[in-house]
Structures are given as C-alpha cells and as structure tokens.
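Student: The listed protein sequences correspond, in order, to chains A and B.
FYI, numbering that gives the first Met the number 0 numbers position 274 of the first sequence as 273, with every residue one higher than the one before it.
FYI, numbering that gives the first Met the number 0 numbers position 183 of the second sequence as 182, with every residue one higher than the one before it.
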Amino acid sequence: MAGLAEILGADRLSEEHDTPVVTPRDQAEVAELLTAATRDGLALTIRGGGTKRNWRAAPARCDAILSTAALAGIVDHQPGDMTLVVRGGTPLVDAQAAVTGAAGHRQRLMLEPVGGPAATLGGILSTRAAGPLRHRYGTPRDIVIGARYVTGDGLAAKTGGTVVKNVAGYDVAKLLIGAHGSLGVITEIAVKLHPVPDVERMLVLRSTDSAAVARFVLALSTAPVTPTLVEVHWPDGVVAVRIASTAAGADAQIALLRGLAPLDEVDAAAGEALLANQLALPFAGTGSVFGVGVRPTDLAPLLDAVALVGGTFAGRAALVAGDVLLPDEDPDRSSRLIAAVRGLGGTVQARRGADAHRLAAAAHAPGIAELEAAMREQLDPAGVLA
Amino acid sequence: MAVAATTPVLEIAALARDIVGPDWVITDGAQLRVYECDGLKNQREIPGAVILPGSTDQVAAVVRLCHERGVPFVARGAGSGLSGGAMPTAAGVVIGLSRLRQVLDLDVPNQRVRVQPGVTNLHVSEVAAPHGLYYAPDPSSQQVCTIGGNIAENAGGAHCLKYGFTTNHVLAATVVLSDGRVVEFGGEAPDAPGLDLLGVLIGSEGTIAVVTEALLNLLPRPQHVETLVAMFPSSETAGAAVSAIIAEGIVPAAVEMMDRLAIDAAKTQTPITWDTEAALIVELDGPLIEVQSQFEAVTAICERCGADAVRVAATPEERMEIWRARKSAFAAVGALAPAYLVQDGVIPRTRLPEVLNAIRDLADANGVRVANVFHAGDGNLHPLVLYDNKVEGEQDRAERVAIRIVELCVEFGGSITGEHGVGVEKVCSMPKMFSGDDLTAFARVRAAFDPDGLCNPDKLLPTPRLCGEVPGFHHTHAVEAAGLGERM
C-alpha cells in the first residue's frame with residue numbers, strides 16, 4: 000500500500016486488523032486515490048460510520064478501506080432557500096443539529112439516522128436507508144437534490160445542483176443512492192429541508208388482529224388526514240400515526256383517526272419510544288434481519304407471514320416497507336420468510352445474518368443484471384469498488 | 000435542413016409496415032413535416048420515417064430494426080416539449096407513441112394506475128377522479144402532454160412545490176432499450192433491489208430508452224383547497240412575501256408570480272382585472288381545518304408584506320379563473336408581440352430580486368421586452384422574451400437575451416432548466432453548469448444504456464460538433480490517458 004501513502008501522506012494512512020485505512024480530505028484526494036487504485040488493480044471498500052457494513056455482501060477482496068471520516072462538515076446552509084450542502088462523511092445527526100440550531104429559522108432535515116449517531120449522510124444514501132418519516136418525506140432519493148462524487152476510476156464529478164428544482168443532466172444521484180458505494184464515492188450532498196410544523200401529535204393504537212390493522216391503514220390512506228408517519232410493530236400490534244399541522248388541524252385529524260377503526264388507544268407518550276425502536280430494529284437482537292417491501296394491500300398477509308416464521312416486523316404500514324428481525328440465523332427460517340414475501344410479489348434485502356445475502360439474492364428481472372454490469376463497467380471499469 | 004431518407008431508413012420503413020401495419024408508417028414528405036419539430040419551433044428537422052407502433056412488442060421490433068442498421072431513433076409523445084427533445088434526426092426514425100394510449104389497470108386500493116405512454120397527463124387524473132384520486136404532477140400543458148413525455152422530461156408543474164416532480168410519482172416503467180430488449184425498472188412493491196435505474200430514466204429526455212408502460216402513484220384528492228391572488232407594488236415585495244410564508248412553516252400547494260407584462264398578456268385572454276406590478280397566486284390544500292388556519296396566516300403575511308389587495312377565490316369558478324389567467328400567460332404573450340421565446344431557469348428563491356433586476360437590465364440593453372411568469376415557491380423562472388421577427392436582427396437579440404438569462408441563473412447558483420429540459424435548445428449551455436468531468440460521467444451513464452448512441456442522439460449532452468470546441472469540455476479521461484480506450 001506504499002502507493003496510497005505516497006498520495007495522501009503517511010498521516011492519512013492507518014491500519015485496522017491488518018487492512019490499511021486511507022482517509023482522504025476532499026474530492027480531489029478521493030479522485031487521486033481511486034485513479035491510483037484503478038491503475039494498480041486495488042480493491043477498496045468505502046466506510047462512513049461503519050454502522051451498516053452488513054447491508055451489502057462482503058466484498059470478495061479488500062486491499063484497503065477508504066474512510067470518509069475526514070470528508071465531514073457543513074459546506075453551506077441557505078435557510079431562506081431551505082437547502083443544505085454537506086460533505087459525504089458528515090454524521091447525519093451533526094447535519095440535523097446544524098439545521099435545527101440555525102437561529103431564527105424553523106426547519107429540519109428529514110432523513111433518519113438509521114444505524115445510530117455514527118451514521119453518515121454518505122452511508123445513509125449509499126444504503127438507501129430510511130425510517131418512519133419516509134411515509135411523508137420519502138427516502139434519500141426524494142430529499143437529495145445534488146451530489147459530488149468520484150467514480151471508481153477517479154473521475155471527480157457532480158450531478159444535480161443546490162436548487163430544489165432542476166432537470167439539467169442525468170439524475171446520477173439516484174444511481175448513487177442505494178448503490179452501496181459500488182459506482183463511486185459520494186463526497187458532497189445537497190439536500191432540501193422541510194419546515195418545522197406548529198405541532199406534532201401522535202396517536203398510538205393497539206391490535207393483534209392483522210386484518211383490523213390493515214383495515215385501519217387502508218381507511219387512513221383515503222381519509223382527509225396527512226400523517227408524517229404510519230408505523231406498525233408486529234406481532235405485538237402497536238400502530239403509531241403522527242400528525243404534523245397547526246394546533247387546530249392536528250386536533251381535528253387525530254379525532255378523525257380515532258373514528259376510523261375500533262382499535263384500542265395506548266398512551267401517546269409510548270409513541271416516541273416506539274419510533275426509536277422502529278429505527279433500531281435492524282440492529283437489535285442477534286438473529287438475521289431482512290428489509291422487506293410489499294404493496295399497500297398486502298400489509299395483513301405480510302404481518303401474518305412474519306408472525307408465522309417467528310419474526311418481528313417494524314415498518315411503514317401504509318407503503319408497505321420495513322425490517323424483519325428473526326429470532327436466530329437459521330437459514331431455513333430466513334428462506335421461509337423470503338419465500339413468503341416474494342410470494343406476495345414483494346422485495347427482500349439482506350441486512351444481517353449467516354448466508355443472508357446469498358439467500359436474499361434476487362433473480363433480477365430479465366435484462367437488469369446486464370444493465371447493472373454495464374453501469375459498473377462505465378463508472379468503475381477496474382472493479383475497484385466492486 | 001431537409002435530408003432525403005437514406006436507404007437504411009427506407010428499408011426499416013418497408014419492414015416496419017409488416018410489423019405495425021402499412022397505415023402506421025409515414026415516409027411521405029408532406030406528412031413527415033408534421034413531425035419536424037416539437038414545442039421548440041425554431042429548430043426543425045425532417046425525419047427519414049415516422050413509425051407508429053401499437054404495442055410494446057411492436058416498439059421493440061422497430062427499435063431492433065434500427066439497432067441492426069445503426070439508425071438513430073427518437074421517441075415522440077404529443078410533441079409539446081419546449082426544448083426540442085422530440086426533434087427528429089435527419090437520417091433517423093421517429094417512433095410516435097400516440098397509438099399507445101390505453102389505461103391498462105387502475106388499482107384503486109393501492110392507489111396506482113398502469114398506463115401506456117401516449118395517455119395524456121390530465122387523462123390519468125380524469126380516470127382516477129371517480130375514486131377520489133388524482134395524479135399530482137400537473138405541467139401547464141397537461142391537457143395534451145403525455146405520460147411518456149412527462150417521464151422523459153421529469154415534468155413538474157405548478158403544484159410540484161408541495162408534491163414533487165414526475166420522479167417522485169412513478170413506481171415502475173416498462174422500457175425498450177436501444178437494442179430492442181424489453182425490461183422493467185422499479186416495481187409494484189417498494190425498494191426494488193439493485194440500482195435505481197428508474198431514477199435515472201426519469202428526466203433522461205428520451206436518450207436511454209423508450210418507455211412503453213408506466214405504473215403511476217395516485218394521491219387522494221385534498222379535502223379542501225383555498226386560493227388567493229395578492230397584488231404587490233413590486234416583484235421584490237411579492238418575493239419577500241413568498242419567503243415569509245415559507246419561513247412560517249407553511250408549504251403551499253403552489254406559489255406563482257406574474258409581473259405586469261405577463262398580467263397584461265393574460266388580460267387579453269381572460270376577464271381578470273388585476274392592475275398591479277406583481278400578482279402572487281397562493282394555493283393551499285389539505286385537510287379543511289389545517290388549510291383554513293394556514294390560509295388566514297398567508298393572508299396576513301401578504302398584507303404585512305405590502306400587498307395592496309388580497310383577493311380570495313370564493314368559488315371553484317373563481318379559482319379556475321385565477322389558474323386560467325396564470326396558465327394562459329405563455330400563449331397570451333403572443334398577443335403582445337409577433338413572436339416570443341419561452342425560457343426556463345432556476346435560481347435560489349432568495350436571489351429573486353437581484354435576478355429580476357439583472358433580467359430587466361439585460362432586456363433594456365438589448366431593446367427587447369421580457370415578461371416574467373414563475374413558480375416563485377421553488378425559484379423556477381419562465382421569462383418570456385418578446386420580439387418582432389420581422390425586424391432584422393431582433394430574433395438574434397432575443398435568442399441572445401434568452402440564453403444570457405439562463406446563464407445568469409447558473410451564476411446565481413441555479414440551473415439552466417427546471418422543467419423544460421436541455422434537449423437541443425440548451426445543449427450548448429450545459430458546460431456553463433457542468434465541468435468536462437461532470438459531462439464525461441453523464442456520457443458514461445448514457446453509454447451504459449445505449450452504447451451505440453442511437454437513442455435520441457445529439458440531445459442533452461454537448462458535443463464539439465454541436466457546440467464547437469467548448470473550453471473544458473474535451474477532458475481526457477483516465478482510460479484514454481492510459482491508452483485503454485478512445486472517444487468515438
């Protein structure tokens with residue numbers, strides 16, 4: 000790894016379990032590193048906060064870790080335009096604190112720190128990680144408005160911009176989001192911000208009847224309510240809905256929700272704790288974890304399937320998307336879950352567990368695998384980030 | 000410039016008659032002329048042939064014919080695009096998707112609909128309306144523009160401030176790749192594994208694939224809508240009101256602004272009686288109680304920020320009248336001048352007063368008038384450059400002003416296009432916004448989908464042939480430097 004040390008200086012190179020760790024300070028240094036890695040045939044693994052390493056299959060080879068730790072900090076916050084530009088290695092919680100702490104402004108960054116306080120924006124984008132707020136605000140793909148990145152072979156580029164509306168050029172940010180770092184290193188991210196509402200009120204309900212829960216969620220999706228989140232935790236049957244509005248608007252919507260379905264109401268104070276649990280589920284326990292998604296009308300069969308395999312579901316009840324924690328890493332149990340979700344036409348992504356990635360490896364729709372390979376060939380021709 | 004159809008194109012046309020039926024292949028000169036341009040009227044090209052397939056399989060078969068012969072093709076919807084994205088290539092084929100206009104599957108419980116690409120934007124909402132649902136993106140041309148074109152351009156509209164763009168409302172798309180393969184991007188369930196190819200397809204201006212089906216997300220119609228128009232003594236005070244509304248934590252469904260010249264134009268088409276320097280249209284939608292309380296706040300903010308009058312639409316008809324005035328402004332400008340150019344640029348909203356002053360100076364210096372209509376909530380400007388095409392040199396001056404306006408947008412930290420796309424119109428402005436390396440990366444993304452460059456070539460990305468040697472554009476890529484590859 001002498002070559003990598005020469006590029007950035009020895010102080011930017013360390014070692015972790017015999018694997019060198021390089022810590023570039025800016026986009027240009029990342030470009031130099033990836034150009035050298037392409038030339039020398041090295042395989043690099045990108046590391047942000049290191050909280051979701053299991054979310055992609057372990058790379059076949061890792062000659063060095065590229066840490067984004069030194070690519071941190073706020074580049075620009077324009078409160079009047081409700082936009083924020085941050086460097087890719089910035090922990091999300093730091094970016095959020097900078098936004099909410101801006102004096103005289105009531106705005107916030109509606110991504111969620113999936114993986115905890117160490118989770119970086121770059122990592123959240125790369126894993127397309129999202130939580131309860133996605134019901135209203137979407138996933139990173141709906142919040143990111145531009146990015147700077149470096150392709151696998153060292154091309155330092157930008158996509159999008161720093162304004163909320165812009166259709167110039169390809170939306171390469173969409174490709175980088177969810178690519179698990181396989182197409183490039185995200186060095187800078189521009190996001191849009193959202194206003195802080197007057198009030199937020201939570202309604203927490205309980206039912207262990209999956210059909211009743213599904214009826215409630217379906218009724219809610221056509222009712223004149225605009226929740227920011229609709230969560231379900233299963234099989235204990237906790238359903239949480241949060242309304243953000245004016246005080247009068249929130250009261251009216253909560254009252255309407257109460258009338259939608261005969262579910263038992265639980266103390267709303269339990270709601271915030273539930274939300275923290277929802278985000279933490281993929282990292283809790285010791286069993287295998289899978290991200291799953293099905294159509295809105297398949298909520299009840301999904302909940303039943305999760306219960307049948309002894310799993311726990313924490314997710315977005317109306318979309319439907321979330322995480323399933325299994326009690327162990329038994330491949331047979333994992334397979335039964337995967338088959339049930341796919342049987343509903345759903346999607347499965349491995350998060351953790353023995354053989355999880357192999358078991359969840361999807362048979363891609365025809366033609367997609369070739370396109371993905373062509374994209375990797377274009378943006379990472381030497382397979383540095385494979 | 001008209002070029003005679005080349006032999007491979009005529010061969011494709013002949014073979015296509017067996018695929019799509021003889022009535023759906025056009026090679027006659029006069030009929031081809033119908034397709035020579037889209038909404039960008041000052042750029043024209045007669046295609047070699049126009050083929051109108053009736054199914055995904057037929058589209059794929061036609062694309063395969065083109066691919067086998069290395070003939071470029073351009074997919075076309077309603078041809079209402081404003082950047083020349085559907086302009087034909089002279090030696091190429093236009094694949095018209097106007098026959099693909101079926102609504103395939105309306106899934107009410109899951110709030111989505113699968114449609115063919117030739118379905119118009121408005122028709123989607125009409126089909127969904129009996130079930131209390133609608134399709135959120137609403138470009139001004141929604142009565143005629145098609146879903147295929149909306150996907151190509153990532154269409155927005157007045158209400159995207161709150162609801163987002165096409166890219167936020169498409170769940171899946173069936174596409175024909177440039178070699179004729181049919182693939183599906185996205186899916187019925189969230190979080191399709193793998194790369195977000197759907198995300199890069201939307202807004203790719205027809206350069207990476209031809210969409211033949213799309214699965215669209217529908218929303219429940221808001222319970223309540225309130226609309227007002229506030230008359231301000233200047234664009235600056237109106238702009239300050241927009242900032243104040245948003246700082247209050249309110250996200251209006253739409254915030255639109257028209258300056259005096261645009262208002263004067265609208266008056267020629269609609270019965271409005273607005274007499275002011277800047278009219279601000281604000282619309283709120285959502286649950287009744289929320290909208291009512293926020294609407295009071297918005298009204299108060301407008302008054303506090305110096306509005307001379309605030310008129311609230313008391314009936315749905317009055318609301319329609321306000322929107323008709325806004326949406327008619329583009330075409331109505333035609334009543335004020337023999338010709339005009341529609342521009343589309345984006346600025347950070349807070350820079351609005353400076354940019355408007357700069358546009359005014361620019362117009363004065365060049366002896367043309369500029370009417371301003373914009374989506375004020377998201378900083379998307381639509382300056383309309385008025386000119387007389389019978390006065391020698393005036394069109395050139397107008398075009399220079401139009402280009403200079405989008406360059407100003409970039410200098411103020413914005414974008415050369417917010418919703419009309421790059422197309423052919425702004426292809427040579429791309430280097431103002433993007434570096435050579437940025438453009439190289441875009442070119443590589445395109446090559447992953449269309450290695451032979453047959454799918455709507457010469458759009459979106461500048462080439463030295465189109466734009467001359469643009470400084471900074473021709474950047475040597477590492478692969479070239481290493482002698483591993485070369486530019487074609």
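A virtual CB, placed ideally from N, CA and C, is assigned to each residue, including glycine.
Of all the residues that make up the region 320 to 349 of chain B, which are near chain A by a beta-carbon distance shorter than 8 Å?
Tutor: Val345, Ile346, Pro347, Arg348, Thr349
Student: To the nearest angstrom, report how far apart glycine 155(B) and serine 140(B) are at their CA atoms.
Tutor: 11 Å
Student: May I ask you to report which of helix, strand or coil DSSP gives valine 250(B)?
Tutor: Valine 250(B) falls in the coil class under three-state DSSP.
Student: Give, in chain order, every residue of the region 128 to 145 of chain A whose Cβ lies closer than 8 Å to some Cβ of chain B.
Tutor: Gly137, Arg140, Asp141
Student: According to DSSP, simplified to helix, strand and coil, what is glycine 156(B)?
Tutor: strand
Student: Taking CB distances under 7 Å as the criterion, tell me whether alanine 248(A) reaches chain B.
Tutor: In the sequence under discussion, the amino acid at residue 248(A) is glycine, which differs from the alanine named in the question. For glycine 248(A), the answer is yes, since a Cβ of chain B falls inside 7 Å of its Cβ.
Student: Does the separation of the CB atoms of leucine 70(A) and leucine 91(A) fall below 7 Å?
Tutor: No, the pair does not count as a contact, with Cβ atoms beyond the cut-off.
Student: Quick check on the burial criterion: 16 or more other C-beta atoms within 10 angstroms. Buried or exposed for proline 270(B)?
Tutor: Counting Cβ neighbours within 10 Å, proline 270(B) comes out exposed, since fewer than 16 surround it.
Student: Could you check what DSSP says for threonine 285(A) in three-state terms: helix, strand or coil?
Tutor: coil
Student: Out of Gly180(A), Gln106(A), Ala57(A), which has the shortest C-alpha to C-alpha gap to threonine 67(A)?
Tutor: Gly180(A)
Student: Would you list, in sequence order, the uninterrupted beta strand (DSSP E) runs of no fewer than 3 residues that lie entirely inside the region 268 to 346 of chain A?
Tutor: 288 to 292, 311 to 315, 320 to 324
Student: Does the beta carbon of methionine 109(A) come closer than 7 Å to any beta carbon on chain B?
Tutor: no
Student: Considering only their Cβ atoms, is the gap separating proline 189(B) from leucine 278(A) smaller than 7 Å?
Tutor: no
Student: Between proline 71(B) and aspartate 449(B), what straight-line distance do the alpha-carbon atoms span, to the nearest angstrom?
Tutor: 11 Å
Student: Can you find the residues in the same chain that come closer than 8 Å, C-beta to C-beta, to leucine 302(A), ignoring five residues on each side of it along the sequence?
Tutor: For leucine 302(A), the CB contacts under 8 Å within the same chain, skipping 5 residues up- and downstream, are Ser209, Val212, Ala213, Val231, Trp233, Pro234, Phe312 in chain order.
Student: Using a C-beta to C-beta distance shorter than 8 Å, which residues of chain B count as neighbours of glycine 157(A)?
Tutor: Just to set this straight, residue 157(A) is lysine in the shown sequence, not glycine. Contacts between lysine 157(A) and chain B, judged by CB atoms closer than 8 Å, involve Phe433, Ser434, Asp437 in chain order.
Student: Given valine 126(B), which residues of its chain have a CB within under 7 Å of its CB, disregarding the five upstream and five downstream residues?
Tutor: Val102, Leu105, Val112
Student: Got a sec, what are the start and stop residues for the alpha helix (DSSP H) glutamine 57(B) sits in?
Tutor: From DSSP, the alpha helix (DSSP H) with glutamine 57(B) extends over 55 to 68.
Student: By how many angstroms is the C-alpha of arginine 257(A) removed from the C-alpha of alanine 296(B)?
Tutor: 28 Å
Student: Determine, using beta carbons only, whether threonine 236(B) comes closer than 7 Å to chain E.
Tutor: This model lacks chain E altogether, as its protein chains are A and B.
Student: Between which residues of its own chain and proline 352(B) is the CB-CB distance below 8 Å, once the five residues before and five after are set aside?
Tutor: Ser234, Glu235, Gly238
Student: Can you check whether the CB of leucine 378(A) is closer than 7 Å to the CB of glycine 87(A)?
Tutor: Contact flag unset, no.
Student: Does the Cβ of glutamine 115(B) have 16 or more other Cβ atoms within 10 Å, making it buried, or fewer, making it exposed?
Tutor: buried
Student: Leaving out five residues on either side along the sequence, give the residues of the same chain with a beta carbon under 6 Å from the beta carbon of isoleucine 146(B).
Tutor: Val114, Pro116, Val118, Ala213
Student: Let me confirm a value: proline 470(B) is counted as buried when at least 16 other C-beta atoms fall within 10 Å, else exposed. Which label applies?
Tutor: Low confidence applies to proline 470(B): its pLDDT is 41, below 50, so where it sits in the model is not reliable enough to give any reading.
Student: In chain order, what residues of the same chain have a beta carbon less than 8 Å from the beta carbon of alanine 375(B), not counting five sequence neighbours either side?
Tutor: Ala237, Gly238, Val241, Val254, Glu255, Met256, Leu279, Arg348, Leu351
Student: Hey, is leucine 318(A)'s beta-carbon within less than 7 Å of any beta-carbon in chain B?
Tutor: yes
Student: Cβ closer than 8 Å: which chain A residues qualify as neighbours of valine 49(B)?
Tutor: The contacting residues do not exist; valine 49(B) stays about 26 Å from chain A at best.
Student: Chain B beta carbons: is any one of them nearer than 7 Å to that of lysine 51(A)?
Tutor: Judged by the 7 Å Cβ criterion, lysine 51(A) is not in contact with chain B.
Student: How many whole angstroms separate the CB atoms of isoleucine 144(A) and valine 190(A), which I take to be in contact at a CB cut-off of 8 Å?
Tutor: 6 Å
Student: I'd like the ranges of any beta strand (DSSP E) spanning at least 3 consecutive residues and lying wholly in the region 357 to 407 of chain B.
Tutor: If we require 3 residues or more, the beta strand (DSSP E) runs fully inside the region 357 to 407 of chain B come out as 368 to 374, 379 to 386.
Student: Could you tell me whether the Cβ of serine 79(B) comes closer than 7 Å to any Cβ of chain A?
Tutor: no
Student: Please classify serine 441(A): is it buried, with 16 or more other beta-carbons within 10 angstroms of its beta-carbon, or exposed?
Tutor: Any property of residue 441(A) remains undetermined from this structure, which presents chain A solely from 0 to 385.
Student: Just verifying my parser: in three-state terms, what is the DSSP assignment at cysteine 144(B)?
Tutor: DSSP places cysteine 144(B) outside both helix and strand once states are collapsed to three, so it counts as coil.
Student: Excluding five sequence neighbours on each side, which residues of the same chain lie with their C-beta closer than 6 Å to the C-beta of methionine 109(A)?
Tutor: Leu132, Tyr136, His193
Student: Enumerate in chain order the residues of its own chain whose CB-to-CB distance from valine 62(B) is below 6 Å, with the five nearest sequence positions on each side excluded.
Tutor: Val175, Gly179
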